[in-house]
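What follows is a single structure, written as structure tokens, with notes after it.
Residue numbers (the numbering used here): 1 to 169.
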């Protein structure tokens, strides 16, 4: 097996607001998934995938996985259905670029990019263009259209923009 390709990100500049958003999401969504076959995970699990014969490891800020038993320790070897990344100044380029492309290559159904500074959520959904996976921007949710926030692939789960950004001034 080849060498691990792990992205090391300097979180020294991390903000408490980053953690607040993740915690709010996990608590609100997790409480609605208690009887589900799917589970929500915060940023304490990692996914390992083989991409072009190279092992890639990624740690999403939050994910919803419906095959959570396919793991070793805190490492999953399958694909979640949903991934959320909360932007930080030190991770924004990676979250919007390489990480997004990695999620696309694994055909993850839905990808949220959350900006706590703007109180904004970008919702990307997976579709195909001539059999090639592609993310399409489904919606950008802000204070102006906050009633439109929803997890597309989990219609029975409710989370509001106010829930997500609770505790952030």
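All C-beta atoms in this analysis are idealised placements derived from N, C-alpha and C, irrespective of residue type, glycine included.
- Rounded to whole angstroms, the gap between the alpha carbons of residue 53 and residue 102 is 14 Å.
- Here DSSP, grouped into helix, strand and coil, assigns residue 95 to helix.
- Residue pairing by DSSP puts residue 125 in a beta bridge opposite 110, 136.
- For residue 53, no alpha helix (DSSP H) encloses it, and the DSSP letter there is neither H nor E.
- Residue range 62-65 is occupied by the beta strand (DSSP E) that includes residue 65.
- Taking every protein chain shown into account, the CB of residue 92 has fewer than 16 other CB atoms within 10 angstroms, so this residue is exposed.
- Counting C-beta pairs with one atom in each stretch, the region 77-96 and the region 57-69 have three or more that are closer than 8 Å, which means they touch.
- Less than 9 Å separates the beta-carbon of residue 152 from that of residue 123.
- Nearest C-alpha to residue 141 among 72, 113, 107: 113.
- Between residue 109 and residue 126 the beta-carbon gap is near 5 Å, inside 8 Å, which marks them as a contact.
- The beta-bridge partner set that DSSP reports for residue 75 consists of 46, 72.
- Ranked by how close their Cα comes to the Cα of residue 134, the residues 154, 115, 107 have 107 in first place.
- Here residue 118 carries a coil assignment [DSSP, helix/strand/coil].
- If you draw a 10 Å sphere on the C-beta of residue 157, you find 16 or more other C-beta atoms in it, and that means buried.
- For residue 32 and residue 146, the gap between their C-alpha atoms comes out near 20 Å.
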